[in-house]
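Following: one structure in structure tokens, then a few remarks.
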Amino acid sequence: MKYANTTSPLCRHAAYAVLMIALLPLPLFAQNETPGTDAAASANQLEQITVTGSRIPRAQVEGPAPVTVIKGADIDKGGFRNAFDVLTQISQNTGSVQGEDFGSTFTPAANVINLRGLGPNHTLTLINGHRVADYPVAYNGSVGAVDLANIPTVMIDRIEILSGSASAVYGSDAIAGVVNIVLKREYDGADVSVRVGGTQQGGGDNQRVQFIGGHSWGAFSGVFALELTNRDPIFYGDRDLTDTYSRYAAPGTLPGALIGYRDPVSRKYYSLPGAGCGAVSGLMDGSMTTFTSPKYGPYCSSDRYYSFRTIQTRQQLADAYASLKYTLNDTTELYGDFLYSFSNVATVVRSPNWSIPSFWNDATGRLENWTRILAPEEIGGTEQSARTFLQHSSDITLGIKGTFGASDWHYEANLNRSEYVSNQGRFAFTPNVDAFFLGAPTGTHDYNGVTYPSYNADPTRLITALTPSQFRSISTRTLERDDAWTEGATFSVNGSPFDLPAGPLGLAGVLEAGRQGYTNRPDPRINQGLIWGQSAASIDHGVRNRYAGGVEANVPLLSQLTLTAAARYDQYRYGGRKVGKDTYNLGLEYRPFDSLLARATYATSFRAPDMNYLFAKNTTGYLPNVTDVYQCRTADPPQPVSSCDNSYNMNFNQSGSLDLKPERGKSFTYGFVFSPRNDLDFSADYYRIRISDEVTSLDETQILRTEADCRLGKTESGTPVDVNSALCRDAFARVQRNPPTAPVLPNQVTNITLAPVNAASEITQGIDLSANARLDTDRWGNYRFHAGYTHVLKHTYQQFPGDPVRDYLNDLSRQSDWRTKVNAGVSFNLGPWSAALNGTRWGRIPLNDYSGLRGAYTQYNGSVGYEFDTGLRVSFIVNNLTNSIPVDKSAGWPNYSSGWYNAYGRQWWLQFDFHLAGKGAG
Numbered sequence: 007m008k009y010a011n012t013t014s015p016l017c018r019h020a021a022y023a024v025l026m027i028a029l030l031p032l033p034l035f036a037q038n039e040t041p042g043t044d045a046a047a048s049a050n051q052l053e054q055i056t057v058t059g060s061r062i063p064r065a066q067v068e069g070p071a072p073v074t075v076i077k078g079a080d081i082d083k084g085g086f087r088n089a090f091d092v093l094t095q096i097s098q099n100t101g102s103v104q105g106e107d108f109g110s111t112f113t114p115a116a117n118v119i120n121l122r123g124l125g126p127n128h129t130l131t132l133i134n135g136h137r138v139a140d141y142p143v144a145y146n147g148s149v150g151a152v153d154l155a156n157i158p159t160v161m162i163d164r165i166e167i168l169s170g171s172a173s174a175v176y177g178s179d180a181i182a183g184v185v186n187i188v189l190k191r192e193y194d195g196a197d198v199s200v201r202v203g204g205t206q207q208g209g210g211d212n213q214r215v216q217f218i219g220g221h222s223w224g225a226f227s228g229v230f231a232l233e234l235t236n237r238d239p240i241f242y243g244d245r246d247l248t249d250t251y252s253r254y255a256a257p258g259t260l261p262g263a264l265i266g267y268r269d270p271v272s273r274k275y276y277s278l279p280g281a282g283c284g285a286v287s288g289l290m291d292g293s294m295t296t297f298t299s300p301k302y303g304p305y306c307s308s309d310r311y312y313s314f315r316t317i318q319t320r321q322q323l324a325d326a327y328a329s330l331k332y333t334l335n336d337t338t339e340l341y342g343d344f345l346y347s348f349s350n351v352a353t354v355v356r357s358p359n360w361s362i363p364s365f366w367n368d369a370t371g372r373l374e375n376w377t378r379i380l381a382p383e384e385i386g387g388t389e390q391s392a393r394t395f396l397q398h399s400s401d402i403t404l405g406i407k408g409t410f411g412a413s414d415w416h417y418e419a420n421l422n423r424s425e426y427v428s429n430q431g432r433f434a435f436t437p438n439v440d441a442f443f444l445g446a447p448t449g450t451h452d453y454n455g456v457t458y459p460s461y462n463a464d465p466t467r468l469i470t471a472l473t474p475s476q477f478r479s480i481s482t483r484t485l486e487r488d489d490a491w492t493e494g495a496t497f498s499v500n501g502s503p504f505d506l507p508a509g510p511l512g513l514a515g516v517l518e519a520g521r522q523g524y525t526n527r528p529d530p531r532i533n534q535g536l537i538w539g540q541s542a543a544s545i546d547h548g549v550r551n552r553y554a555g556g557v558e559a560n561v562p563l564l565s566q567l568t569l570t571a572a573a574r575y576d577q578y579r580y581g582g583r584k585v586g587k588d589t590y591n592l593g594l595e596y597r598p599f600d601s602l603l604a605r606a607t608y609a610t611s612f613r614a615p616d617m618n619y620l621f622a623k624n625t626t627g628y629l630p631n632v633t634d635v636y637q638c639r640t641a642d643p644p645q646p647v648s649s650c651d652n653s654y655n656m657n658f659n660q661s662g663s664l665d666l667k668p669e670r671g672k673s674f675t676y677g678f679v680f681s682p683r684n685d686l687d688f689s690a691d692y693y694r695i696r697i698s699d700e701v702t703s704l705d706e707t708q709i710l711r712t713e714a715d716c717r718l719g720k721t722e723s724g725t726p727v728d729v730n731s732a733l734c735r736d737a738f739a740r741v742q743r744n745p746p747t748a749p750v751l752p753n754q755v756t757n758i759t760l761a762p763v764n765a766a767s768e769i770t771q772g773i774d775l776s777a778n779a780r781l782d783t784d785r786w787g788n789y790r791f792h793a794g795y796t797h798v799l800k801h802t803y804q805q806f807p808g809d810p811v812r813d814y815l816n817d818l819s820r821q822s823d824w825r826t827k828v829n830a831g832v833s834f835n836l837g838p839w840s841a842a843l844n845g846t847r848w849g850r851i852p853l854n855d856y857s858g859l860r861g862a863y864t865q866y867n868g869s870v871g872y873e874f875d876t877g878l879r880v881s882f883i884v885n886n887l888t889n890s891i892p893v894d895k896s897a898g899w900p901n902y903s904s905g906w907y908n909a910y911g912r913q914w915w916l917q918f919d920f921h922l923a924g925k926g927a928g
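One gets our numbering by counting positions in the sequence shown from 1 and adding 6 to each.
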């Protein structure tokens, strides 16, 4: 691969970015404190340490690839809700994700990050340097990702984030970077922390209790920790910005129909009998009324329908941790790490929704289509329709480490097993729901040559409010049991066989063997025909074995020049297949003098196909309430997709493929670190990552957008599209529709095919800048400063060879990254007082209607604390000090960009920390 003109981006943007950081109104973010800010961790320290990205201990923290370090003690002080919250605000996390407020997603109970905008599946997440189980349900229904919701802050020693590829050291997944969460392994004493808080605008009240303790008893030592958390949900109705559908919408914007009584041929609404919508005016908190569509006529709905959905889930967590060590002798140590988490999560993403395809109504003598969405009053309360997740995860590591006799060769061997179990409950109708609304079927009826089922259905059933007991008689709760696990054995050695003229040669080697598996078990009643609207569901299950071997070298070529090199071979075995991949990594470190490091890396990487892509069986079902993009854009007049009311349930089928190949990646970085003194350093790095043979399996929204673009020859924003491209041919093959001349529901989608293939390529490049400083004074306290900046210069995606290249930065309808992201901070200590002020500035993103770019958004967090002589410390912590929500009313509700930002507003906590005994962390 050629990397022409690679020096210009860094040089061109470095000066601008440093100036931008310097001109921030306040230093905002103190978490990414690099070791260069402390003399005890300077680049010249003599103690050998191991840093994420290498298995060779080194005397210099800064190496050929940049590593960001977040101290666990700074998470609470910085005003962050949890470890996930702080990771979302690092500058390298430039991609949007499907979060808790994203609607009916596959993983609303999971928290994931998106380094470099390449997707959660391209970041390798480790705990104490080893792999952990993926969330057992595939993110977006297709890819694996690690849930960061259950990492308790009391147990975190530090978080290390390696930018760039590291497959030659860690194997699969390490394409965009590596996140290594290092838990505490040394602690002397005992501490208790109690925290209570809430949000200024309502909802989200929360409480947390933490305990951590540890001690050494001769050859044995241990650390023990417990964390309990309770958090109430936040509903859209709790925020003025989102509590009604049309308050801030364009004139004429109407909510979707909650009671649909319409002609399936013309799609116009029939008039309801009797009092019409007035018969159910008490529903939806008294907001149900008549709305009139200029095209389709009057129907029943509520402007507050969406206010009963959750922005933030209800959550109860319990986490326990133990780290034990036993010293056998001067050269050998046994250890064990044990982490267990339990969570109870609930989210409301939609109300119970019943509908029936076209039928002949004997009572009225015509073809009809009925839809009924139930209100909270009818089902016994909002959370009766919630999706619930009872989950537990465990992570166990047992190992031995030491040295070979009196030599300086070190070894480590360990066994690890990590498992994540999720039991997902959700509302479902039972088969008698059709009879409840329609009565018994009366036979069939021929209409324009098509045979339809017939009923003698009384339309007043649509406008008769249900009682909670009636709802219970036609509904149940399904239980899906999901499980993912990974287990492995690792043996590694490192040492120096001899000295070269410029210094000792460092070598390391590793052997790994492991297995990975998952199972998705749908409720067995689905296949027994006991669940309404659900087609046959199969158990998805897959297991694969993994074997790997790698070597790594640190070669001092000259006194000022060091070469690092790593090579590794991984082999996966599954379904009678053996799929292997070799990767390598080269790095250079040049230190012309002690205060300057120039560095560069070139690495290859890979990602084994996601388990779901490989093993998912042919699955059929329906996708609820999907917007038909093509019919929206061809309506008279055309409707913006973001506010189009042409949505309905669409059938789909999908399956995995064992023939998928590993994705391939290449990355290149170069930059420098300048530390003119022990209390000041700067760094600047350029990165470029390319992925080839990327597995692509678009969701239904992407497929329907692409299909509409191809049918119409242009995107919604007006960009021309080649209808003969491979991309368009694929879209036409995936979407089946009724013919335009069909007597009923012309052009309606009849099925969408979701199938993965190796086809896509993706490139991203940009720069990272960082600055750290420390100021210690006798009278005015001690200060720590940090500023970090990422500028994405390019991000493109090509789904099939020969297709047009999609610009994920400049095409408003495709942008998936923040172009720029800045975080900065200052912390302060003076005697018993301490304070921190942190913040993140996200760059411009498209408006929700794609008509332009919205302005940048900045959020500030802070804390202030006082420590009494008795060992009590009291802190007041605020997340989002200015109570700002990034409003975007361009496309109506929810009036902000979900997936990019949240609408929580200001959150606060009062925290009490009790130091009971000992010195604390070692």
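The C-beta atom is built at its ideal place from N, Cα and C for all residues, glycine as well. On a predicted model such as this, the values are computed, not experimentally measured, just so you know.
{"Asked": "C-beta contact flag for residue 1 and residue 170 at 9 Å", "Found": "Lying outside 7 to 928, the shown extent of the chain, residue 1 is not represented and no answer is given."}
{"Asked": "Close Cβ partners of residue 172 (< 6 Å) along its chain, the five nearest in sequence each way excluded", "Found": "59, 180 and 184"}
{"Asked": "Member of 442, 391, 237 and 221 whose CA lies at the smallest distance from the CA of residue 431", "Found": "391"}
{"Asked": "Cβ-Cβ distance between residue 286 and residue 471 below 9 Å", "Found": "yes"}
{"Asked": "Of the residues 536, 518, 451 and 366, the one placed nearest residue 444, counting alpha carbons only", "Found": "366"}
{"Asked": "The beta strand (DSSP E) enclosing residue 294, as first and last residue numbers", "Found": "294-299"}
{"Asked": "Span of the alpha helix (DSSP H) around residue 479", "Found": "474-479"}
{"Asked": "CB-CB length for residue 647 against residue 639, believed under 8 Å", "Found": "7 Å"}
{"Asked": "Coil, strand or helix - residue 714 by DSSP", "Found": "helix"}
{"Asked": "Those residues which DSSP pairs with residue 661 across a bridge", "Found": "Per DSSP, none; premise fails for residue 661."}
{"Asked": "Buried/exposed call for residue 491, threshold 16 Cβ in 10 Å", "Found": "buried"}
{"Asked": "Straight-line gap, residue 238 to residue 316 (C-alpha atoms, nearest Å)", "Found": "10 Å"}
{"Asked": "DSSP-derived helix/strand/coil call for residue 180", "Found": "coil"}
{"Asked": "Local conformation of residue 923 per DSSP, three classes", "Found": "strand"}
{"Asked": "Anticipated Cβ contact below 8 Å, residue 589 with residue 610, distance rounded", "Found": "5 Å"}
{"Asked": "Strand pairing of residue 667, partner residues [DSSP]", "Found": "BP columns for residue 667 are empty, so no partner."}
{"Asked": "Other residues of its chain near residue 418: CB distance less than 7 Å, five sequence neighbours each side excluded", "Found": "405, 407 and 498"}
{"Asked": "Given 8 Å, three or more beta-carbon pairs between the segment 733-743 and the segment 683-692", "Found": "no"}
{"Asked": "Distance, residue 594 Cα to residue 663 Cα", "Found": "40 Å"}
{"Asked": "Runs of beta strand (DSSP E) wholly within the segment 158-227 (minimum 3 residues, chain order)", "Found": "162-169, 183-189, 193-205 and 212-223"}
{"Asked": "Anticipated Cβ contact below 8 Å, residue 149 with residue 127, distance rounded", "Found": "4 Å"}
{"Asked": "Sub-9 Å separation of residue 749 and residue 701 beta-carbons", "Found": "no"}
{"Asked": "For residue 555, the three-state DSSP class (helix, strand or coil)", "Found": "strand"}
{"Asked": "Endpoints, beta strand (DSSP E) assigned at residue 343", "Found": "338-353"}
{"Asked": "Whole-number beta carbon distance between residue 670 and residue 612, since they are thought to touch under 8 Å", "Found": "6 Å"}
{"Asked": "Length of the line joining the Cα atoms of residue 283 and residue 292", "Found": "12 Å"}
{"Asked": "Which listed residue (917, 896 and 844) has its alpha carbon closest to that of residue 91", "Found": "844"}
{"Asked": "Beta-carbon gap between residue 82 and residue 205 smaller than 9 Å", "Found": "no"}
{"Asked": "Assigned secondary structure, residue 761 (DSSP; H/G/I helix, E/B strand, else coil)", "Found": "coil"}
{"Asked": "Proximal residues to residue 21 (C-beta, below 7 Å), its chain only, five neighbours per side dropped", "Found": "Only weak support is given to the placement of residue 21: the predicted model assigns it a pLDDT of 40, under 50, and the question is left unresolved by the model."}
{"Asked": "Reduced DSSP secondary structure (H/G/I, E/B, other) of residue 856", "Found": "coil"}
{"Asked": "DSSP three-state assignment for residue 820, whether helix, strand or coil", "Found": "coil"}
{"Asked": "Whether residue 189 touches residue 345 by CB criterion (9 Å)", "Found": "yes"}
{"Asked": "Three-state secondary structure (DSSP) of residue 98", "Found": "coil"}
{"Asked": "Rounded C-alpha distance that separates residue 544 from residue 629", "Found": "17 Å"}
{"Asked": "Cβ contact (3+ pairs, closer than 8 Å) linking the segment 189-198 and the segment 294-311", "Found": "no"}
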